[in-house]
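Undergrad: Residue numbers (our numbering): 70 to 493.
1. How about residue 405 and residue 355: are their beta carbons less than 8 Å apart?
2. Which partner residues does residue 422 have in the DSSP bridge list?
3. Can you list, in chain order, the stretches of the alpha helix (DSSP H) that have 4 or more residues and sit fully within the region 202 to 278?
4. For residue 214, collect the residues of the same chain with a Cβ closer than 6 Å to its Cβ; drop the 5 residues on either side in sequence, then sort them by chain order.
5. Helix, strand or coil for residue 106, going by three-state DSSP, please let me know.
6. Indicate the three-state DSSP secondary structure (helix, strand or coil) for residue 299 in the structure shown.
7. Excluding sequence positions up to five away, which residues of its chain have a Cβ less than 7 Å from the Cβ of residue 393?
8. Under 8 Å, do residue 271 and residue 298 count as touching if we go by C-beta distance?
9. Let me confirm a value: residue 262 is counted as buried when at least 16 other C-beta atoms fall within 10 Å, else exposed. Which label applies?
10. Starting from residue 76, follow the beta strand (DSSP E) in both directions and report where the run begins and ends.
11. Three or more C-beta pairs closer than 8 Å, one from the region 116 to 131 and one from the region 145 to 153: is that the case here?
12. As an exercise, report each continuous beta strand (DSSP E) stretch of at least 3 residues that is fully enclosed by the region 349 to 388, in chain order.
13. Going along the chain, which residues of its own chain have a beta-carbon closer than 7 Å to the beta-carbon of residue 454, five neighbours each way excluded?
14. Can residue 161 and residue 142 be called in contact, C-beta distance under 8 Å?
15. In this structure, how does DSSP classify residue 466 when only helix, strand and coil are distinguished?
16. On the three-state DSSP scale, how would you describe residue 92?
17. Considering just the uninterrupted stretch of the beta strand (DSSP E) at residue 344, what are its terminal residues?
18. Tell me, to the nearest whole angstrom, how far the beta carbon of residue 275 is from that of residue 293; I am working on the premise that it is less than 8 Å.
19. In chain order, what residues of the same chain lie with their CB nearer than 6 Å to the CB of residue 451, ignoring the 5 residues before and after it?
20. So what does residue 186 bridge to, in DSSP terms?
21. How would you write the range of the alpha helix (DSSP H) that residue 285 sits in, first residue to last?
22. Which same chain residues end up closer than 8 Å to residue 383 when comparing Cβ atoms and leaving out the 5 residues on each side of it in sequence?
23. Beta-carbon within less than 7 Å of residue 333's beta-carbon, same chain only, minus the 5 sequence neighbours each way: which residues are those?
24. Among residues of its own chain, excluding the 5 on either side of residue 416, which ones have a beta-carbon nearer than 8 Å to its beta-carbon?
25. If you count every other CB in all the chains shown that lies within 10 Å of the CB of residue 104, and 16 or more means buried, which is it?
26. If the criterion is Cβ atoms closer than 8 Å, does the pair residue 83 and residue 136 meet it?
27. Quick one: what's got a C-beta closer than 7 Å to residue 206's C-beta in the same chain, skipping five residues either side?
28. Fully enclosed by the region 131 to 184, which alpha helix (DSSP H) runs are 4 residues long or longer?
29. So who's on the other strand from residue 101, going by DSSP bridges?
30. Classify residue 74 as buried or exposed, calling it buried when 16 or more other Cβ atoms lie within 10 Å of its own Cβ.
31. Between residue 340 and the rest of its own chain, which residues show a CB-CB distance below 6 Å, the 5 nearest in sequence each way excluded?
32. In chain order, what residues of the same chain have a beta carbon less than 7 Å from the beta carbon of residue 116, not counting five sequence neighbours either side?
33. Measuring alpha carbon to alpha carbon, tell me which residue in 368, 107, 109, 402 is nearest residue 388.
34. As a quick exercise: from 483, 477, 90, 481, pick the residue whose alpha carbon is nearest that of residue 201.
35. When the Cα of residue 300 is compared with those of 91, 319, 317, 279, which residue comes out closest?
36. Are the Cβ atoms of residue 330 and residue 125 separated by less than 8 Å?
Right, dumping it as structure tokens:
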């Protein structure tokens, strides 16, 4: 809005000099010029026609000429289109603004308000590279964090890395079966892309294994369960949970490749984090909160031993918080992680930048924490946004139907370079 504030006094002065009528700047309508027209900012003339007793075309031509000649170099050109005066701002003005910005790089920054905010964003799986959806999430999360920090909050940027589970084991078993000892370095492939290729390879090989099973009469769902690759991945997950040294070493190695790739992309887009949380370290969290909830009567145990919460009176439904075998579900670890975050950084607000497919999950998370009486529960905030979809539907890494983040960045750089070459 700084440019508009510079334009309004000039337009008011033009009206005063040309027509001897005083019209304050706050009564003028000035917008950014539409991209299909030449110019930077547009003065809407219709509201001035009656007072100045000229047609929009005459008024625009008269005012435009005066402004270009008498604005101390602010405007270099103008054009009039159907009652709209489009003005072109001089390069010199923009250079002066840049210079002023360097002299005062943080105009308007507020002093500390004492408020603590944690913003969680990005949160990728470590079996595939970042894609278009991750870029959108990062730009949104990072921007919100920077704005809050600029306005006086103490902000911690956090990511939860989904580094365990069956999807990770699929990449691992695929590399073990088909990788022949290759590495990102030996193939000249960025680490996250390297691991992602083996996740896609798993899907392709699994499909081959399922075909004869389906031909023999199995349903697609049963064929996937019975396929040797699926069973191998499930066994690897069990071995991981038991702490098998060989599996854990492969897991650490392949995740390390992915982290190197992620960090390269993060540096490229300017995204950063103060704290990384790893699902492998948080998936057991929350069980103490379940015990606490049982004591308080917030949760109840069913005959099979599983633990639930009844949220029907809140317009939701019953929600599982602990399986009958005593293992956690996602909501369990999210409860524990919210508690862990607060222990490490006693926040006033915890912002989760997550797509709207998790709206229900986030409602449940906040509601459970409120029923448990946690002091930070009311500060839970879901910054929800719509999913990114292709014309063919949702992006699916396993099927290779994604818009890769690095490919998109390469294309943007290529387009920018070409435009600069043409205009330079």
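Even glycine gets a Cβ: it sits at the ideal position worked out from N, Cα and C. All values derive from a computational prediction rather than experimental measurement.
TA: Well, looking at it:
1. What you label residue 405 is simply residue 336 of the chain shown in a count that begins at 1. What you label residue 355 is simply residue 286 of the chain shown in a count that begins at 1. In this structure, residue 355 lies closer than 8 Å to residue 405 by Cβ.
2. Position 353 of the chain shown, counting from 1, holds the residue named residue 422. DSSP output for residue 422 lists 452 as bridge partner(s).
3. 235 to 247, 253 to 256
4. Mapped onto the chain shown, residue 214 falls at position 145. Result list for residue 214: 188, 224, 226, in chain order.
5. Stepping through the chain shown from its first residue, residue 106 is reached at position 37. Residue 106 falls in the coil class under three-state DSSP.
6. The residue you call residue 299 lines up with position 230 of the chain shown. It is helical.
7. Sequence index remark: in the chain shown, residue 393 carries index 324 (1-based). Closer than 7 Å at Cβ, skipping near neighbours: 373, 374, 375.
8. Along the chain shown, one-based indexing puts residue 271 at 202. Along the chain shown, one-based indexing puts residue 298 at 229. Yes, the pair counts as a contact, with Cβ atoms nearer than the cut-off.
9. The residue you call residue 262 lines up with position 193 of the chain shown. With 16 or more other Cβ atoms within 10 Å, it is buried.
10. Here the question's residue 76 lines up with position 7 in the chain shown. Unbroken run through residue 76 is the alpha helix (DSSP H), 71 to 88; no beta strand (DSSP E).
11. yes
12. 376 to 379
13. Residue mapping note: residue 454 aligns to position 385 of the chain shown, counting from 1. Hits under 7 Å: 209, 424, 425.
14. Position 92 of the chain shown, counted from the first residue, corresponds to residue 161. Position 73 of the chain shown, counted from the first residue, corresponds to residue 142. Yes.
15. For the purposes of this step, residue 466 is taken as residue 397 along the chain shown, with counting starting at 1. Its pLDDT being 48, under 50, residue 466 is placed unreliably in this model, and the value from its coordinates should be taken loosely. Three-state DSSP puts residue 466 in a helix.
16. As a first step, residue 92 is located in the chain shown; it is residue number 23 there, counting from the start. Three-state result, residue 92: coil.
17. Locating residue 344 in the chain shown gives position 275, counting from the first residue. Taken as a continuous stretch (DSSP letters only), the beta strand (DSSP E) holding residue 344 covers 344 to 347.
18. Counted from its first residue, the chain shown places residue 275 at position 206. Counted from its first residue, the chain shown places residue 293 at position 224. Rounded, the Cβ-Cβ distance is 7 Å, consistent with contact.
19. The residue you call residue 451 lines up with position 382 of the chain shown. Counting only Cβ-Cβ distances below 6 Å, and skipping sequence neighbours, we find 421, 431.
20. Position 117 of the chain shown holds residue 186. Per DSSP, 224, 418.
21. For the purposes of this step, residue 285 is taken as residue 216 along the chain shown, with counting starting at 1. That residue, residue 285, is in no alpha helix (DSSP H); it is neither H nor E in DSSP.
22. Counting from 1 along the chain shown, the entry for residue 383 is found at position 314. 436, listed in sequence order.
23. Stepping through the chain shown from its first residue, residue 333 is reached at position 264. Here the set comprises 259.
24. For this step, residue 416 is matched to residue 347 along the chain shown. Cβ within range, chain order: 185, 186, 187, 225, 410, 445, 448.
25. Taking the first residue of the chain shown as position 1, residue 104 is located at position 35. When all chains shown are included, residue 104 counts as exposed.
26. Numbered from 1 along the chain shown, position 14 holds the residue referred to as residue 83. Numbered from 1 along the chain shown, position 67 holds the residue referred to as residue 136. Result yes, Cβ atoms of residue 83 and residue 136 sit closer than 8 Å.
27. Numbered from 1 along the chain shown, position 137 holds the residue referred to as residue 206. Result list for residue 206: 190, 191, 422, in chain order.
28. 160 to 172
29. Position 32 of the chain shown, counted from the start, is the residue given in the question as residue 101. 110, per the DSSP bridge assignment.
30. Stepping through the chain shown from its first residue, residue 74 is reached at position 5. By the neighbour-count rule (16 or more Cβ atoms within 10 Å), residue 74 is not buried but exposed.
31. By one-based count along the chain shown, residue 340 stands at place 271. These residues qualify, in order along the chain: 207, 211.
32. Stepping through the chain shown from its first residue, residue 116 is reached at position 47. These residues qualify, in order along the chain: 98.
33. The sequence position of residue 388 within the chain shown is 319, counting from 1. The shortest Cα separation from residue 388 among 368, 107, 109, 402 belongs to 368.
34. The count along the chain shown starts at 1 and reaches residue 201 at position 132. When each option's Cα is compared against that of residue 201, the closest is 477.
35. As a working mapping, residue 300 is identified with position 231 in the chain shown. For residue 300, the nearest C-alpha among the options comes from 279.
36. As a working mapping, residue 330 is identified with position 261 in the chain shown. As a working mapping, residue 125 is identified with position 56 in the chain shown. Contact: no.
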